[in-house]
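Read top to bottom, the protein sequences are chains A and B. Per the numbering used here, the very first residue in the first sequence carries number 25; after that it's consecutive. Per the numbering used here, the very first residue in the second sequence carries number 335; after that it's consecutive. Note sheet for the following structure.
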Amino acid sequence: MPKRTDIHSVLIIGAGPIIIGQACEFDYSGTQACKALREEGYRVVLVNSNPATIMTDPEFADRTYIEPITPGCVEKIIIRELNEMKRTSAQGKLVLLPTLGGQTALNTAMSLHKSGVLEKYGVEMIGATAEAIHRGEDREAFKQLMLQIGLDVPISGTAHTLEEARAVADRIGRFPLIIRPAFTLGGTGGGIGYNREEFEEIARRGIDLSPVSEILVEESLLGWKEFEMEVMRDRTDNCVIICSIENFDPMGVHTGDSITVAPIQTLTDKEYQIMRDASFAVIRAVGVETGGSNIQFGMDPETGRMVIIEMNPRVSRSSALASKATGFPIAKIAAKLAVGYRLDEIRNDITRVTPASFEPTIDYVVTKIPRFAFEKFPQADPTLTTMMKSVGEAMAIGRTFKESLQKCLRSLEIGRSGLGGDGKPWRIGTEVYGDRDILPKDLIARRLSVPNADRIFFIRHALRAEFTLEEIYQLTKIDRWFLTQIAEIVTFEEELAATRN
Amino acid sequence: MNAILALEDGSVFRGRAFGAKATAVGEVCFNTSMTGYQEILTDPSYKGQIVTMTYPLIGNYGVNRVDVESWRPHVSGFVIRELSPVVSNWRSDQSLEGYLSDNGIPGIQGVDTRALTKKLRVRGALNGVLSTEGLSEAQAVRQAKEWPGLVGVDYANEVTHREPFVWDPNDEQSAAFDLNKGLTSQNPRDYRKALPVADIPIVAFDFGMKYNILRCLRQRGFRTQVVPAATSAADALKYKPAGIFLSNGPGDPAALHYAVRTVYDLVQSGIPIFGICLGHQILGQAFGGTTFKLKFGHRGANQPVKDFETGRVEITAQNHGFAVDADSLPSDVTVNRINLNDGTVEGLRHKNKPIFCVQYHPEASPGPHDSTPLFNEFRQMIMARG
């Protein structure tokens, strides 16, 4: 299927200002998309309020609007562009590509759809339809859809009384349990109950606070393993996995704040292929017709039970990472798929002779570590939760996990040369310890059990303070494979230290 | 313990030994799959080969009793970058190291597998010797040079079952592995998908067949009688099968004159036939075509195959060092699939007879499940004949 000839101009919405949770990765993807579409001869119209981006450099779009990314403003741009196209007797349509500018672009496009603006001016959304975006983004709709196609999701139930809440808790059969009151602002009144007393207290409060006296009780996946798949799909339903990712930090820490590793390390082929099949089932059911999606999975380390956590029906932060990790330019290919190409009609940028319809296979390991800046925000709680707090990230490639981890820690520019052993002191709260000091066990245990920016270093401190791997596992639920790799680095540090003496 | 891998071109890779204390000779080839080393080790098609994995971290999830493709590992030796010191997977029964030791297979780790792979890509597959028992480098290189190689050798005869047997008559090992869902008290290790009734009798020629082919056939309702590679057409037809399956297997397809003759007779009989990998190469020869040795083969789980009949692209699992020459085929056979990387033949269909075959592995294991519908196609082909 060749490219569409009924399109004249493509409107791309950028991501706007850099905020915590949305950084320059969307500049990277947007810039790639602009280049790809111009290469195909389309006129590219770009709106982005952030002039400090590459994509707003004059050569990347035919017309760049440095204007606020609001539905009202984008509507005005649509009217202006349509008039312009009429004036110049342009052949073809104006279409909107909303999937490359992160959540900001997607939300703006969705409100233009809901308010009827897109329909009024005959502007088609390419890449993903409004229906697909809704199915992917609406939690409840997504969950029902997953159950319909036979995939597993966290078990949950609604309750209006304490008795009903107890019944749901009994059905799930284990703590902790997550309680979310319905229709409270920002989820006020919710929480995690680690035992029956806590659960009943939070449930009672939640029912009181909810204007409709309703709470959702959901099984907690805290401590489960977390995985991600980057999927691409074309108009003829060819699907490929670009990259598989395993999170070093278990469930409970936002993916953006997790240390992540590509490819997946601890799944057999049987388990990996089930996850691959599930990824395709999700992208098909949600109905993302072309382009990339990111799908997140949780897995019980004891039983292998696999649940779908969420999907992003757009190019995401992980896509930018996956592109750099594998050399497969997801945003560029997504833009070309959106205008009608099939995967096998696009050239693979790495080999330059074979087509893009393949799955990158790598002979190295990629590690990403988030960069935090809690020192700039003394009031912020440095505990890592499901809300993203990192301000950036470093990525490193190595032939082993150990190599990529050490390179990545060094690339963070936090002054460390790796896990430790570099002769530099450790500042912990108000205390300062020497590089090779053995830290107090209670301090280590505290810093391991609560996810935080420095937890990776405390694994080293723990090993040096003679914690066993099993103790560290129980405190962190970080997979024993990762802990063993770190233990090997620490053992080698001891060997080096002994040699010097 | 030190170990060496010596190649016939005189180069030597040094590393650390794991697995059995032994010396093995074979053709050195590489596989690019990032998962599935256990399935690769136990695939009989690797008979006579020393396999290197391009993915550097191997052994992470150990070895389990279920994910096997035959009764034992068949590779001559195993070459990797780094063996995991720990096993982390809820299904694991044993470490990779222990498994190779138990089966007498030597392994070498700490090798620059990227350099080795680059050499094999430029020079083509090379014969080599892997030793974990202190063989000298000069001796190892000499042995590698002296080894006659795979071409012209009948390896299928070494890995085929000696006696005919009915596959899994009590349905104990054919159900597809699946992950537990929702709340269940079932042991997740025993969780399996349900099987349909086995209502179509077929005969499968075993040239070194992977178990997952038999599992996939059973999952589509085939009752499979497995027969040894050298079974004649007449003997196979005595089982009154509704169709014939030709399996994968190791080595040079041109060495299997007896199988080509048998398959020629079966083609003439008009019975529905489906072939995979070596079975496809044998069919190609039975049609009148020829095979040739690829420079470094296709071994991995990400090979794109274009299906001209549907226009779609399948990501396929492959493991073959030989291919059917498209120009050698007669006019009543169509090349219906090609490899998008190098344009070689990936599938054939007879224009007038119910016969089709593929060069790749629709049973996957390891690899993607994109091509499993081919087993349904075989079923429909048989059903269509009534």
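Ideal placement from N, C-alpha and C gives every residue a C-beta, glycine not left out.
Under a 10 Å Cβ-count criterion, E49 of chain A is classified as buried, with 16 or more other Cβ atoms of the shown protein chains found around its own Cβ. One Cα belongs to T388 of chain B, the other to N365 of chain B, and the distance between them is close to 6 angstroms.
For F352 of chain A, no CB of chain B lies under 7 angstroms from its own CB, so it is not counted at the interface with that chain. Of all residues in the region 284 to 314 of chain A, the ones placed with a Cβ closer than 8 angstroms to any Cβ belonging to chain B are P287, I288, Q289, T290, L291, T292, D293, K294, E295, Y296, Q297, I298, R300, D301, in chain order.
Boundaries of the alpha helix (DSSP H) harbouring F482 of chain A: 479 to 488, taken from the DSSP string. In terms of CA proximity to Q428 of chain B, B:N398 leads the group B:T447, B:Q443, B:N398, B:N710. The three-state secondary structure of S465 of chain B, taken from DSSP, is strand. When 8 angstroms is used as the limit between beta carbons, K640 of chain B is near these residues of chain A: D368, in chain order. For M419 of chain A against L345 of chain A, the beta-carbon gap comes to about 6 angstroms, under 8 angstroms, which counts as contact. The shortest C-alpha to C-alpha distance from N476 of chain A to any of A:P337, A:G215, A:I393 is the one to A:I393. Annotation: the continuous alpha helix (DSSP H) that includes I547 of chain B extends over 545 to 553.
Close partners of L391 of chain B in chain A (Cβ separation under 8 angstroms): Q289, V389, T424, F425. Secondary structure at A165 of chain A: helix, using DSSP grouped into helix, strand and coil. With respect to the 7 angstroms criterion, L201 of chain A and A193 of chain A are classified as neighbours on the basis of their beta carbons.
Residue nearest to G174 of chain A within the set A:T454, A:V306, A:G215, A:P287 is A:V306 (criterion: CA-CA distance). Ranked by Cα distance from E155 of chain A, the options A:S135, A:L171, A:L361, A:R471 are led by A:S135.
In this chain, the alpha helix (DSSP H) harbouring I307 of chain A covers 293 to 310. Shown in chain order are the members of the region 343 to 371 of chain B whose Cβ falls below 9 angstroms from a Cβ of chain A: T366, S367, M368, T369, G370, Y371. Contacts between M170 of chain A and chain B, judged by CB atoms closer than 7 angstroms, are missing: the closest CB pair is about 11 angstroms apart. Annotation: the region 125 to 190 of chain A contains the following complete segments of the beta strand (DSSP E) (minimum length 3 residues), in chain order: 180 to 183. Shortest Cα-Cα distance from N675 of chain B to any of B:I610, B:N636, B:R496, B:L663 involves B:N636.
By a beta-carbon distance limit of 8 angstroms, V658 of chain B does not contact V647 of chain B. Their separation comes to about 20 angstroms. Put simply, the CB of V402 of chain B is far from chain A, with every gap to its CB atoms at 7 angstroms or more. When secondary structure is reduced to three states using DSSP, Q693 of chain B falls in the coil class, being assigned neither helix nor strand. Around N262 of chain A, the beta-carbon contacts reaching into chain B at under 7 angstroms are R646, V647. Secondary structure note for N365 of chain B: its beta strand (DSSP E) is the uninterrupted segment 357 to 365. A direct Cα-to-Cα measurement between A509 of chain B and T706 of chain B gives close to 14 angstroms.
Within the same chain, Cβ atoms closer than 6 angstroms to the Cβ of L429 of chain A are found at T391, the five residues on either side in sequence being excluded.
For S347 of chain A, the closest alpha carbon among the candidates A:G40, A:Q56, A:A47 is that of A:Q56. Contact residues of the region 316 to 329 of chain A toward chain B are P325, E326, T327, G328, R329 (C-beta to C-beta distance below 7 angstroms). Straight-line measurement puts the Cα of K294 of chain A at about 8 angstroms from the Cα of D401 of chain B.
By a beta-carbon distance limit of 8 angstroms, G583 of chain B contacts L612 of chain B. Their separation comes to about 4 angstroms. Around the beta carbon of R163 of chain A, fewer than 16 other beta carbons sit within 10 angstroms, so the residue counts as exposed. Looking at B:V560, B:G555, B:T624, B:I536, the one whose alpha-carbon comes closest to that of R496 of chain B is B:V560. Note on the region 422 to 493 of chain B: whole beta strand (DSSP E) runs with a minimum of 3 residues are 440 to 443, 460 to 465, in chain order. CA-CA distance, F511 of chain B to T596 of chain B, rounds to 35 angstroms.
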